[in-house]
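S.K.: Submitted below is the structure of interest, expressed as structure tokens.
There are 2 protein chains.
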Amino acid sequence: MDKLRSVNYDELDAIEIGAAILGTGGGGNPYIGKLRCREELKKGNKIDVIPLNELKDDSLVVSLGGIGAPVVGIEKMEEGQECLRAMRALEKEFGCKIDALISSEIGGSNSMEPMLTAAQAGIPVVDGDGMGRAFPEMQMCTWSIYGHKSAPAAMADEKGNILVIRDTIDEVWVEKLARSGVVTMGAAAGIAMAPMKGSFVKNYAIPYTITQALSLGQNVINANKENKDPIETVLKHEDGKLLMTGKIVDLERHLKGGFAVGQIILEGFGEYQNDKGSIDLQNEFLVFRRNNKMEVCVPDLIVVLDSETGFPIGTELLRYGQRIAVLGLPCHKLLRTEKALEVIGPKAFGYHDLDYKPM
Amino acid sequence: MDKLRSVNYDELDAIEIGAAILGTGGGGNPYIGKLRCREELKKGNKIDVIPLNELKDDSLVVSLGGIGAPVVGIEKMEEGQECLRAMRALEKEFGCKIDALISSEIGGSNSMEPMLTAAQAGIPVVDGDGMGRAFPEMQMCTWSIYGHKSAPAAMADEKGNILVIRDTIDEVWVEKLARSGVVTMGAAAGIAMAPMKGSFVKNYAIPYTITQALSLGQNVINANKENKDPIETVLKHEDGKLLMTGKIVDLERHLKGGFAVGQIILEGFGEYQNDKGSIDLQNEFLVFRRNNKMEVCVPDLIVVLDSETGFPIGTELLRYGQRIAVLGLPCHKLLRTEKALEVIGPKAFGYHDLDYKPM
């Protein structure tokens, strides 16, 4: 397959679906970002893509995206230039010109934000990202896991306020200070992290995830057109496993420290009619249990699709009575190292009794 | 009287007492800061003071101090260089050399912080401050009231984290972002605000408040030595009024959003034995009522002294059964303008039915 060089109008629709699936319930809805990207294309701006292996070693690449709780994104629309302002603040901070952008997380709305900002700023976006999915906290990206120092990082809200996290003792403190900042800013803001060298990004980005989201989305769209089973299509594309088809019989979800946290309980149907399932969530789906026994957990992807249409359902759109399909998709190997599991394995989310078993 | 040119070891004790009185219950305890200033003097560093009228018009003056809740200061000691690190971060932000420091609030611990940082950095401190007392929020200083833009402002905690509030839409947003930052940092940090021109400071500082705190404190110390009534001494020095002597019969105080808020109820004794009094507080004392009728409120100073010793009692040290004297002291005229009352009058604290009447 030829490498992706740019993203056009129709491809945005496919990326939207692919990114929402990879969001594992979180990451925010890519829809509004898609509409904004379309507007940029209509204006004649371009979404240029650099294949990961063509990045120059000394180019300056900035990971950026929105920060906040997905549930807030439903009611509070972005102004549209939050990430651009964060990027400009970062350029001022470093006195440098940024060569390319990359998504911190391909899953959910942050698939679109770097493409949008790239189109606005006239620079390319790198085909790859820092998670290969979505995670609730910023230190959970490969940049932080593999040694990049995210500070100074710049945040911008829709009102015009700009915060710079100048220096922190570790990556978790970037997350802590950004999180308290974004809660004050109204639970949604853009954030741009300290520039990375191209050589670092080539080694530690989850590779070609714009292409992956695009292809995944296109396959789901085509399956729907051709009356094929979209769930089968996703499983095949991502080498995944169907965990359960079930009905949501209990749903607990609340906002805590700017996160949507909670649990859903499932009663199986079809071939799973004798099973009870549960999924824990913190913005994203963290742990799937069958009959109270853990089967799949972070960093592997737990994906919830509408069992009829095959469309992904975000944690903020879960409701009592929904009939869903729960899929497990294996994560990238960069997320399965010992170093990575310290930050994004089950213990990092407070599940001290759970050991990660790659699915 | 000769203008104050430096602060020596003994003078720190007097400033401590004067500043605590001007803190109107809040501003934090100056004791630890005093000990740190002493250490600097022992090392041979100096606390040089510039009289306000000798400031050069184009010199760069930075207002800095600690930010947090006084009650936290009891259990969590500062590391000692928070304000210095905030100042250095600000110099980096502006690419400038700061000529002099000034206290954002003379009342309480922030009387000492600029003297400490000045001694550490080898630059002088200006004889004056931005409040002439203490207030709970940062936009309540004369710099903000009279048009200075506090952003970019730099914050530093004891761990080594540094946050820069790069740009805000107004002064209240500096406070909001700094407040959420300091809560995350552990409810105590140092903050340095964007440099001011000497010409601005000469016009809008509350003038000669280091001298005022020093002289007030010396008078109280002398009164105690000479067995004179220290309460009378304070009233005479500050042209104040005794509002009530009373016993604390009820005390409600809790931490809310990083502030100590609450109310104390007083039963009068002595010539006030038929009166009931109350004082509302948010870090500082805001409103004094006699028999449910407001008598003195912000921005005038409500001061609580131990009725026996005459020593000031901070809001965090109030307790049931204490016998206290409540004094009202008139604030500086820069705090009484229409512009000032919008920010520090009773309505700014949510007392929409109260009109400020200068005492």
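Same order as they appear, the protein sequences are chains A and B.
The opening position of the first sequence corresponds to residue 38 in this note's numbering, with each subsequent residue numbered one higher.
The opening position of the second sequence corresponds to residue 38 in this note's numbering, with each subsequent residue numbered one higher.
In this text, a Cβ means the ideal position worked out from N, Cα and C, and glycines have one as well.
In this text the structure is predicted, and so the values were computed from the model without any measurement.
Can you confirm whether alanine 126(A), when its beta carbon is compared against all beta carbons of chain B, has any partner nearer than 7 Å?
M.R.: Output row for alanine 126(A): interface = yes.
S.K.: Tell me, please, which residues DSSP counts as bridged to leucine 288(A).
M.R.: In DSSP, leucine 288(A) forms a bridge with Ile301(A).
S.K.: Please list the segments of the beta strand (DSSP E) lying wholly inside the region 45-105 of chain A, counting only runs of 3 or more residues, in order along the chain.
M.R.: Entirely contained in the region 45-105 of chain A, the beta strand (DSSP E) runs reaching 3 residues are, in chain order, 97-105.
S.K.: Below 8 Å on the Cβ atoms is my guess for leucine 342(A) versus isoleucine 316(A); work out the distance and round it to an integer in Å.
M.R.: Their Cβ separation, rounded to whole angstroms, is 13 Å, which puts leucine 342(A) and isoleucine 316(A) out of contact at 8 Å.
S.K.: Please confirm if leucine 101(A) has its CB atom under 7 Å from at least one CB of chain B.
M.R.: Taking Cβ atoms only, chain B never reaches closer than 7 Å to leucine 101(A), which makes this a no.
S.K.: Quick one: grab the DSSP three-state call for alanine 137(A).
M.R.: Looking at alanine 137(A) - three-state DSSP - the assignment turns out to be strand.
S.K.: For threonine 154(A), would you say it is in contact with chain B, using Cβ-to-Cβ distances shorter than 7 Å as the test?
M.R.: Not closer than 7 Å to any Cβ of chain B, the Cβ of threonine 154(A) fails to qualify, so no.
S.K.: From what residue to what residue does the alpha helix (DSSP H) around glutamate 375(A) run?
M.R.: Note, glutamate 375(A): alpha helix (DSSP H), 375-381.
S.K.: Of all the CB atoms in chain A, is at least one closer than 7 Å to the CB of aspartate 194(B)?
M.R.: With 7 Å as the cut-off, aspartate 194(B) does not count as an interface residue toward chain A.
S.K.: On the criterion of 16 or more Cβ atoms from any shown chain inside 10 Å, does phenylalanine 348(A) qualify as buried, or is it exposed?
M.R.: With fewer than 16 Cβ atoms within 10 Å of its Cβ, phenylalanine 348(A) is classed as exposed.
S.K.: Assign arginine 356(A) to one of two classes, buried (16 or more other C-beta atoms within 10 Å of its C-beta) or exposed (fewer than that).
M.R.: Burial call: exposed.
S.K.: Does lysine 186(A) come within less than 7 Å of chain B when only Cβ atoms are used?
M.R.: Lysine 186(A) does not count as touching chain B.
S.K.: Would a C-beta distance cut-off of 7 Å place glycine 64(B) and glycine 144(B) closer than the cut-off?
M.R.: Contact flag set, yes.
S.K.: Taking C-beta to C-beta, are lysine 239(B) and leucine 92(B) nearer than 7 Å?
M.R.: Yes, the pair counts as a contact, with Cβ atoms nearer than the cut-off.
S.K.: Run through chain A and tell me which residues come within less than 9 Å of serine 236(B), C-beta to C-beta.
M.R.: Residues of chain A passing the Cβ test: none, with the nearest at roughly 27 Å.
S.K.: Please compile the residues from chain B whose C-beta is within a distance smaller than 9 Å of the C-beta of serine 181(A).
M.R.: Near serine 181(A) there are no residues of chain B at all, since even the closest Cβ is about 16 Å away, more than 9 Å.
S.K.: Alpha carbons only, please: which of Val363(A), Leu366(A), Val286(A), Ile160(A) is nearest the one belonging to leucine 97(A)?
M.R.: Nearest option by C-alpha distance: Ile160(A).
S.K.: Thinking just about the alpha-carbon of each residue, which of Pro367(B), Ala385(B), Leu366(B) is nearest to the one in glutamate 375(B)?
M.R.: Among Pro367(B), Ala385(B), Leu366(B), the Cα nearest to that of glutamate 375(B) belongs to Ala385(B).
S.K.: Strictly below 7 Å CB to CB, what residues from chain B border lysine 293(A)?
M.R.: The premise fails here: lysine 293(A) is roughly 15 Å from chain B at the closest Cβ pair, so nothing lies under 7 Å.
S.K.: Sorted by chain position, which residues of the same chain lie with C-beta nearer than 7 Å to valine 298(A)'s C-beta, five sequence neighbours on each side aside?
M.R.: Taken in chain order, the residues that qualify are His291, Leu318, Gln319.
S.K.: Enumerate in chain order the residues of its own chain whose CB-to-CB distance from methionine 230(B) is below 6 Å, with the five nearest sequence positions on each side excluded.
M.R.: Excluding residues within five positions, the ones whose Cβ falls inside 6 Å are Ser100, Ser187, Ala190.
S.K.: Could you give the uninterrupted runs of the beta strand (DSSP E) lying entirely in the region 179-243 of chain A, keeping only those of 3 residues or more?
M.R.: Complete beta strand (DSSP E) runs here, min 3: 190-193, 199-204, 225-229.
S.K.: How far does the beta strand (DSSP E) with leucine 323(B) in it reach, from first residue to last?
M.R.: 321-327 is the span of the beta strand (DSSP E), which, as asked, contains leucine 323(B).
S.K.: Assuming the contact rule is C-beta atoms closer than 8 Å, isoleucine 243(A) and glycine 307(A) should be a hit. Round their C-beta distance to whole Å, please.
M.R.: Going by Cβ atoms, the distance from isoleucine 243(A) to glycine 307(A) rounds to 33 Å, so no, they are not a contact pair.
S.K.: Counting along the chain, where does the beta strand (DSSP E) carrying arginine 360(A) start and finish?
M.R.: Residues 360-366.
S.K.: Output yes if chain B places a C-beta closer than 7 Å to the C-beta of leucine 121(A); else output no.
M.R.: By this cut-off, leucine 121(A) is not an interface position.
S.K.: Measure the C-alpha to C-alpha separation of glutamate 174(B) and glutamate 212(B) and round it to an integer number of angstroms.
M.R.: So the two alpha carbons sit approximately 7 Å from each other.
S.K.: Taking only beta-carbon positions, decide if lysine 414(A) is within less than 7 Å of chain B.
M.R.: With chain A covering only 38 through 396, there is no way to say anything about residue 414(A).
S.K.: Determine the chain A residues that contact glycine 197(B) at a beta-carbon separation under 8 Å, and present them in chain order.
M.R.: Those within 8 Å of glycine 197(B) in chain A are Asp204, Thr205, Ile206.
S.K.: Can you pull the DSSP bridge partners for aspartate 343(B)?
M.R.: Beta-bridge pairing links aspartate 343(B) to Ile361(B).
S.K.: For glycine 117(A), go through chain B and note every residue whose CB falls closer than 7 Å to its CB, in chain order.
M.R.: Within chain B, no residue comes near glycine 117(A); the closest Cβ sits about 17 Å away, beyond 7 Å.
S.K.: Of all the CB atoms in chain A, is at least one closer than 7 Å to the CB of valine 209(B)?
M.R.: Not one chain A Cβ lies under 7 Å of valine 209(B).
S.K.: Within 7 Å of any Cβ in chain B, is that where the Cβ of threonine 221(A) sits?
M.R.: It does: the Cβ of threonine 221(A) has a partner Cβ on chain B nearer than 7 Å.
S.K.: Verify the CB distance criterion: does lysine 213(B) have a CB-CB separation below 7 Å to chain A?
M.R.: Chain A contact via Cβ: present.
S.K.: Quick one: measure Cβ to Cβ for threonine 246(B) and leucine 41(B), integer angstroms, because I've assumed they're closer than 8 Å.
M.R.: In fact, because the Cβ distance is near 11 Å, the residues do not count as touching under 8 Å.
S.K.: According to DSSP, lysine 313(A) sits in a beta bridge with which residue or residues?
M.R.: Lysine 313(A) is bridged to Glu304(A).
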